[in-house]
Each structure stands twice: as structure tokens, then as C-alpha cells.
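What follows is a set of notes on a single structure, which appears directly below.
Numbering (my numbering), first residue to last: 52 to 302.
Below, the structure is given as C-alpha cells:
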């Protein structure tokens with residue numbers, strides 16, 4: 052578990068570490084930089100997960116399943132909102148189905164916590180969670196990342212996945228998603244890319260998503276403008292913050 056500055060959660064929990072680049076939204080992934088830093092600090096869990104490519108670090112494709120981390124949520128007595136696998140993707144093809152089931156069991160056994168599972172691979176998520184061993188957990192929110200119009204199909208896979216709460220992270224938003232269908236999507240997070248290679252995010256793209264949210268009854272959370280200095284850019288849209296959260300209804 053690690054405390055986090057991510058605005059929409061309390062802590063991160065990483066029973067899996069390591070990933071591979073999936074689509075354009077992964078190009079400047081912060082987790083690749085962080086994994087390289089953690090390896091340099093001598094953290095065994097992150098050894099060999101990245102390699103140097105030019106002046107940046109990229110994933111090697113190695114995946115580490117950290118069974119010791121599965122015990123962590125049981126030690127947290129105070130209820131927390133938990134972002135699952137900020138340093139990986141629970142539904143990466145190289146994460147064993149049995150290990151995903153173990154993660155699922157931990158989340159089910161700790162209903163005091165709210166878990167947010169975000170994937171760039173919602174097709175596998177949809178297929179696995181249709182199995183009888185994966186029941187719908189009322190304290191587990193399921194989401195997918197959508198960076199531009201080329202990956203809008205992910206929303207359909209998410210919509211077809213049984214879940215108490217469904218959400219989309221439009222971050223990093225690197226293109227218009229004006230054609231997105233937010234029917235049955237409970238929450239949308241919007242954010243620009245940050246870091247030294249951040250790609251721009253025009254206000255028009257953000258306003259398109261807010262409009263779609265109003266039409267669909269989807270909660271709208273504006274996380275950041277991003278850029279090389281995301282703190283300086285801030286997170287105000289039309290002079291105010293948007294920190295809307297989904298309404299949770301027990302399954």
C-alpha cells in the first residue's frame with residue numbers, strides 16, 4: 052500500500068507490477084518512470100521490469116505477481132478507497148487467471164474498502180468476469196482507460212461487464228472522444244498528460260466529455276490539465292473544480 056496524490060483515490064495497492072505498452076496512451080506512462088526509479092532504489096519487486104531506450108525507460112514485458120501484497124488490505128482497519136495496480140494492469144494477458152481470482156477474493160473479504168480496478172484490456176476483463184467464480188462485488192468499481200477515438204470500443208466491453216460501478220479514465224486525453232457512448236457509465240475521469248513529453252489537451256475535448264456526461268447522467272471528475280508542470284496548470288475548468296463521484300448502490 053502507498054499513500055498517493057491521485058485526486059480520486061486514497062491509496063494504491065499493487066499485487067501486480069510490470070506491464071507492456073498497449074496503445075498510444077501508454078507512450079509516456081508515468082508507471083514506467085516510477086518502476087525504473089524503484090528498481091534503482093533497490094526495490095526487488097521492480098527488478099527487470101523496465102529497460103533504458105534512448106533517454107527514457109520502457110516496459111520489458113516482465114510481470115511480477117506479488118503474493119505477499121495480497122495480505123495488505125486485511126491490515127487496513129480504516130475504510131479506504133483503493134486504486135488497484137497503479138503500476139500494472141490486473142487484466143494483462145500474462146497475469147494468471149488464478150492470481151486474479153486471489154485478488155478478487157481479497158477484495159470480497161474486505162468489504163470495508165472500495166476498490167477501483169482500471170484496465171486497458173477490458174475485453175479480457177469482460178471474458179473472465181463472466182465466469183461463475185467471479186461474482187459482482189458491491190465494493191469493486193471497474194473501469195477502462197480511453198485516450199482517444201481509436202479505443203472507444205473499450206467502452207462497449209466495459210458496459211458488457213457486470214459491475215457495481217463502471218468508470219472511464221479519459222487520461223491521458225490525447226484526442227477527441229466526442230463520439231463516446233456513456234450509457235450505463237457511472238463516472239468519467241478526465242485529465243491531460245503530464246511530464247516532460249506531455250501532449251496537449253485542448254479545452255474543447257474536455258468540454259465534449261462533460262457534455263456527454265450531462266446527457267448520460269455520468270459523474271464528471273476533472274483531474275488536471277497536465278503539461279510539463281501539472282501543478283502550475285492546475286485543475287480548474289471554467290474557474291471551478293469538478294470532483295463529482297458516482298452514486299454507489301449496493302449490488
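The C-beta atom is built at its ideal place from N, Cα and C for all residues, glycine as well. Here the structure is a predicted model, which is why all the values come from computation and not from measurement.
When burial is assigned at 16 or more other CB atoms within 10 Å of the CB, is residue 274 buried or exposed?
Classification for residue 274: buried.
Work out the CA separation of residue 271 and residue 243 for me, nearest whole Å.
If you take the alpha carbons of residue 243 and residue 271, they lie about 15 Å apart.
Terminal residues of the continuous beta strand (DSSP E) containing residue 238?
238-242 is the span of the beta strand (DSSP E), which, as asked, contains residue 238.
For the alpha helix (DSSP H) that residue 63 lies in, which residues bound it at each end?
It is not in any alpha helix (DSSP H) - residue 63 instead sits in the beta strand (DSSP E) that spans 62-64.
Do the region 170-187 and the region 146-159 meet, that is, are 3 or more Cβ pairs less than 8 Å apart?
Enough Cβ pairs lie closer than 8 Å, so yes.
What residue does the alpha helix (DSSP H) around residue 89 start on, and which one ends it?
Element bounds for residue 89: 81-91.
Look up residue 193 in the DSSP assignment and give the residues it is bridged to.
168 and 217, per the DSSP bridge assignment.
In whole angstroms, what separates the C-alpha of residue 139 from that of residue 292?
Distance between the alpha carbons of residue 139 and residue 292 is about 29 Å.
Pop quiz: residue 96 and residue 123 are said to be a contact at Cβ under 8 Å. What is the actual Cβ separation, rounded to whole angstroms?
Not really, about 13 Å apart at Cβ, beyond 8 Å.
So if DSSP puts residue 245 in a beta bridge, which residue, or which two residues, is it bridged to?
DSSP lists 278 as partners of residue 245.
With DSSP as the reference, identify every bridge partner of residue 107, one or two as the case may be.
DSSP output for residue 107 lists 104 as bridge partner(s).
How big is the Cα-Cα spacing for residue 299 and residue 106?
Going by the C-alpha atoms only, they are around 44 Å apart.
Within the continuous alpha helix (DSSP H) that includes residue 154, where are the two ends?
Run containing residue 154: 148-160, per the alpha helix (DSSP H) assignment.
Tell me, please, whether the CB atom of residue 94 is closer than 9 Å to any CB atom in chain C?
The structure shown contains no chain C; it is built from a single protein chain.
Considering only C-alpha positions, which residue in the set 252, 158 and 110 is nearest to residue 281?
Closest option to residue 281, Cα to Cα, is 252.
For residue 288, list the residues DSSP reports as bridge partners.
Looking at the DSSP assignment, residue 288 forms a beta bridge with 291.
Under 8 Å: do the region 58-78 and the region 109-116 share three or more Cβ pairs, one atom per stretch?
Enough Cβ pairs lie closer than 8 Å, so yes.
Once the 5 residues before and after residue 199 are set aside, which same chain residues still bring their CB inside 8 Å of it?
The answer, listed in chain order, is 75, 76, 224, 225, 226, 227 and 228.
According to DSSP, which residues form a beta bridge with residue 134?
DSSP output for residue 134 lists 63 and 167 as bridge partner(s).
The alpha helix (DSSP H) with residue 125 in it runs from where to where?
Per DSSP, residue 125 belongs to the alpha helix (DSSP H) from 123-126.
Would the region 189-199 count as touching the region 167-175 if we require 3 or more Cβ pairs under 8 Å?
The region 189-199 is in contact with the region 167-175.
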